[in-house]
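Please read the structure below before turning to the comments.
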Amino acid sequence: MKVALFIPCYIDQFYPQVGIATLQLLEKLGCDVSFPLEQTCCGQPMANSGFASLSKGCDANFVENFSGFDYIVAPSGSCVLHVKEHLQDAAHPEKAANIRKNVYELTEFLTDVLKIEKLQARFPFKVGIHNSCHGQRGLGLSSMTETMTPTFSKPEQLLNMVTDIRLSKPKRNDECCGFGGTFCVFEEAVSVKMGKDRVAEHDDNEVDYITGGDTSCLMHLEGILKRQGSKIKTIHIAEILNSSL
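Just so we're aligned, residue 781 is where the sequence shown starts under the numbering used here, counting upward by one.
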């Protein structure tokens, strides 16, 4: 199984340990992983700001770098959703279509493709789960309370395989943290208030860490936690699933 590792910009620049943990985890699980060195931004920031036409170069570069693999895996629900829904390349439409079909967020790849049932991981801490909007509502990684359907969570399913971990959920389990990409810039006050509400519920649960599948959301929450002087830390789910503490 040839797997290409897609690492989003903000992980590459600010949280490289998340990319390293993802690589190590996939290799532990038997994947033949490659990291295309010429990969760049998927184009989501431009598209979300109303400048989708400016992301054509990103699309062409993405297709050039990630064609020919069985699967493309990334530790980011938002970037994966963008590629699934928006990747286009007029010069290579079939390659773009194949990538859209075979790009996966990490936890859905582990549960749906590799069908993992056991992990050799240990993380002896109390951990609060944050469901990111793109992963939950876009990729269907977990159920939504408003749909009144049976509950499920692919990230939680994997975390339950980790030895000694104690999982905690906020009361409003599927509420947005307020990051929203450029939303946190253009609507700063609303974004911060939403983030503070999320943090408050995890704080009430006395967690040691907050985890999730999108580093962007965790970065937003981390900033609020640090400004509040909180002892709670954020950690990407890949780091927990790869942990052997």
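All C-beta atoms, glycine included, are put in the ideal place defined by N, C-alpha and C. For clarity, every value in this text was computed on a predicted model and none was experimentally measured.
Check                                                                                                                        : Outcome
Tell me Ile1015's beta-bridge partners as DSSP assigns them.                                                                 : Thr991
Rounded to a whole number of angstroms, what is the C-alpha to C-alpha distance between Thr962 and Ser923?                   : 26 Å
Determine the closest residue to Lys951 out of Gly958, Leu998, His982 and Thr929, with distance taken between C-alpha atoms. : His982
Could you have a look at Leu806 and say whether DSSP puts it in helix, strand or coil?                                       : helix
DSSP beta-bridge partners for Thr943?                                                                                        : Arg902
Under the rule that 16 or more other beta-carbon atoms within 10 Å means buried, what is Val783, buried or exposed?          : buried
For the alpha helix (DSSP H) containing Ile787, name the first residue and the last one.                                     : It is not in any alpha helix (DSSP H) - Ile787 carries neither H nor E in the DSSP assignment.
Return the first residue and the last residue of the alpha helix (DSSP H) that Glu865 is part of.                            : Gly857 to His866
Alpha carbon to alpha carbon, what distance is there between Glu885 and Asn828?                                              : 19 Å
DSSP three-state label for Lys782, please.                                                                                   : strand
Which residues mark the beginning and the end of the alpha helix (DSSP H) in which Asp977 is found?                          : Glu968 to Asp984
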